[in-house]
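Asks:
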Amino acid sequence: MHQQHSSTMDSSALTETEKREENRLTESELRRMLPASFRNGPAWVGIPHNRVQHFLKDDLNIERLEEASTYFSILGKAKPPQALHHQQALGLEILVTEKMDTHLLWTKGKIFIKPFPRYLLDPEFWSEQLECPKGCAYASEFQMLRAAGLVRRKTRFSKRKPCSHSKLWKCAMGFVYSYIALISHESDFRIAKASKLLPDDMDFKDWQGFVERTLRKNGKIHGQIDERFTYGELNMARLNTLLMLQQPRRYLFQDDGSYGFLRDHTSLLSPVSVYTGVVLASVQVRPTIANFKRNRPLTIALVILLVSFWVLYSVLSITGKGLPTIAGEQ
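At position 288 of the sequence shown the residue is numbered 288 (UniProt numbering), and the sequence of numbers has no breaks.
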């Protein structure tokens with residue numbers, strides 16, 4: 001009886017040990033490094049430390065940018081973002097955003113930057129929540145791809161599909177990569193602290209240590225990140241135009257009532273509306289409706305003319321000015 005009880009105790013103790021090994025971070029530690037709440041859908045709010053994976057899928061979500069990934073080359077340059085002191089020299093105001101898909105989007109005189117979350121500073125969080133879990137069929141292949149720096153090239157060693165953890169890891173590492181470029185000098189660090197982009201209790205030596213550990217451990221980091229982060233700043237006006245052309249009902253800031261966003265991103269509509277009005281007035285719409293019904297070629301020609309003008313104007317606006325530059329800068 002005693003042996004059976006002892007065996008049960010040992011088994012229970014072993015189970016608790018295994019649980020600690022599988023989940024080393026305590027609830028209080030998770031609470032300290034995660035936000036107070038998060039949204040999972042339009043009408044649901046949850047507690048991050050209770051549903052960590054759901055939180056990460058929301059916090060690291062860049063699905064809307066993936067819709068425009070084919071056009072990244074006309075939205076920005078394939079290089080890391082400029083350091084914060086350079087952004088300031090260009091006259092760009094840093095605006096805080098907590099949405100990953102708006103991180104490093106710039107518009108007239110403004111650039112959106114997501115603050116660096118505490119959880120990405122913790123090595124245990126990476127191993128527990130972002131690495132492939134034990135038993136993941138894709139884990140060994142993902143490790144090989146990371147070691148070879150082939151993650152970004154979408155190389156496959158087998159027919160296994162990438163797991164959700166690997167997608168989160170690529171996005172998280174890409175975000176870290178962007179910050180390593182943003183905060184290079186101590187002046188960049190001071191700008192980041194003043195803009196509330198880094199935790200209050202962090203100093204420059206802490207940041208230096210984090211950057212050194214990340215680059216030393218991950219080696220060919222550029223080949224391990226999501227494609228979005230191989231490009232630095234992206235032009236928000238061009239991006240919204242592309243999204244409007246692809247899916248007219250979806251905008252990056254569709255539900256935001258801010259006058260600034262409307263002013264910046266609906267300027268395209270004014271000249272198109274004016275041009276359309278002039279054309280329709282010149283052909284005297286009302287008297288000629290009956291003629292349009294009888295004269296299909298004329299109707300088709302007018303529609304083609306208007307659509308062609310709108311497409312041409314859109315293309316010209318997309319390929320317009322890029323990020324401001326300092327005189328003499330390439």
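Heads up, the beta-carbon is just placed ideally off N, CA and C, and yes, glycines get one too. The structure presented is a predicted model; accordingly, all values stated were derived computationally and were not measured.
Write down every uninterrupted run of the beta strand (DSSP E) in the region 29 to 108 whose length is 3 residues or greater and which is fully enclosed by it, in chain order.
Replies: Segments of the beta strand (DSSP E) lying fully in the region 29 to 108: 93 to 96, 105 to 107.
Asks: Along the chain, where does the alpha helix (DSSP H) that runs through residue 331 open and close?
Replies: Nothing in the structure corresponds to residue 331, since the chain is present only between 1 and 330.
Asks: Distance check for Ala237 and Ala89, CA to CA, integer angstroms please.
Replies: Spanning the two alpha carbons is a distance of roughly 21 angstroms.
Asks: Please say whether Ala83 and Ser184 have beta carbons closer to each other than 8 angstroms?
Replies: Yes, the pair counts as a contact, with Cβ atoms nearer than the cut-off.
Asks: Kindly indicate the opening and closing residues of the alpha helix (DSSP H) around Ser195.
Replies: Premise fails: Ser195 is in no alpha helix (DSSP H) and is neither H nor E.
Asks: Taking the continuous alpha helix (DSSP H) assigned at Ser164, which residues delimit it?
Replies: First-last of the alpha helix (DSSP H) with Ser164: 164 to 182.
Asks: By how many angstroms is the C-alpha of Gln143 removed from the C-alpha of Asp101?
Replies: So the alpha carbons of these two residues sit roughly 26 angstroms apart.
Asks: Taking 7 angstroms as the cut-off, is the CB of Gly232 close to at least one heavy atom of the ligand ADP?
Replies: Looking for the ligand ADP in the displayed structure turns up nothing, as the structure carries no ligands at all.
Asks: Can you find the residues in the same chain that come closer than 8 angstroms, C-beta to C-beta, to Thr214, ignoring five residues on each side of it along the sequence?
Replies: Closer than 8 angstroms at Cβ, skipping near neighbours: Val176, Ile180, Ile221.
Asks: Report all residues from its chain with a CB closer than 7 angstroms to the CB of Asp58; omit the five preceding and five following residues, and keep chain order.
Replies: Only Phe38, Arg39, Asn40 meet the Cβ criterion.
Asks: Expressed to the nearest angstrom, what Euclidean distance is found between the alpha-carbon atoms of Leu268 and Val211?
Replies: Since pLDDT at Leu268 reaches only 49, below the 50 mark, its modelled position is unreliable, and the value read off the structure follows with that caveat. The straight-line gap from Cα to Cα measures roughly 42 angstroms.
Asks: Does the Cβ-Cβ distance between His103 and Leu130 come in under 8 angstroms?
Replies: Contact flag unset, no.
Asks: Rounded to a whole number of angstroms, what is the C-alpha to C-alpha distance between Lys193 and Met244?
Replies: If you take the alpha carbons of Lys193 and Met244, they lie about 36 angstroms apart.
Asks: Using the rule of at least 16 other Cβ atoms within 10 Å of the residue's Cβ for burial, across every protein chain shown, is Leu30 buried or exposed?
Replies: Classification of Leu30: buried, given that the 10 Å Cβ count is 16 or more.
Asks: So, at 6 angstroms on beta carbons, what are the nonlocal neighbours of Phe72 in its own chain, with the 5 sequence-adjacent residues on each side left out?
Replies: Once the five neighbours on either side are set aside, the close Cβ partners of Phe72 are Tyr231.
Asks: Closest by CA to Leu197, which one among Ile111, Asn240, Glu128?
Replies: For the residues Ile111, Asn240, Glu128, the minimum Cα distance to Leu197 belongs to Ile111.
Asks: Can you name the residues that DSSP bridges to Leu130?
Replies: Its beta-bridge partners do not exist; DSSP assigns none.
Asks: Just tell me which of Leu242, Leu168, Leu234, Gln208 has its CA closest to the CA of Ile225.
Replies: Per the Cα distances, Leu168.
Asks: By a C-beta neighbour count over all protein chains shown, 10 Å radius and 16 as the cutoff for buried, is Gln87 buried or exposed?
Replies: Buried.
Asks: Just curious, the alpha helix (DSSP H) that Thr26 is in, first and last residue?
Replies: Run containing Thr26: none; DSSP gives neither H nor E here.
Asks: For a test of the three-state rule: what should DSSP assign to Ala137, helix, strand or coil?
Replies: Coil.
Asks: Would you kindly work out how many angstroms separate the C-alpha atoms of Phe261 and Arg64, rounded to a whole number?
Replies: Here the model assigns Phe261 a pLDDT of 46, short of 50, so the residue's position is not dependable, and the following value carries that caveat. Phe261 and Arg64: Cα-Cα distance of roughly 18 angstroms.
Asks: Within this structure, are the beta carbons of Leu239 and Ala78 separated by less than 8 angstroms?
Replies: No, the Cβ-Cβ distance between Leu239 and Ala78 is not below 8 angstroms.
Asks: Please report the residue range of the alpha helix (DSSP H) in which Met202 lies.
Replies: That residue, Met202, is in no alpha helix (DSSP H); it is neither H nor E in DSSP.
Asks: Could you tell me which of Ile304, Glu98, Arg24 sits nearest to Asp122, measuring between CA atoms?
Replies: Nearest option by C-alpha distance: Arg24.
Asks: Residue range of the alpha helix (DSSP H) that Leu242 falls in?
Replies: Here the alpha helix (DSSP H) through Leu242 covers 236 to 246.
Asks: How long is the line joining the alpha carbons of Gln246 and Thr70, rounded to whole angstroms?
Replies: Straight-line Cα distance between these residues: approximately 12 angstroms.
Asks: What does the Cβ neighbour count give for Pro81, buried or exposed, with the cut at 16 atoms within 10 Å?
Replies: So Pro81 ends up on the buried side.
Asks: Measure from the alpha carbon of Arg51 to the alpha carbon of each residue in Lys108, Ile300, Glu27, then state which is nearest.
Replies: It is Glu27.
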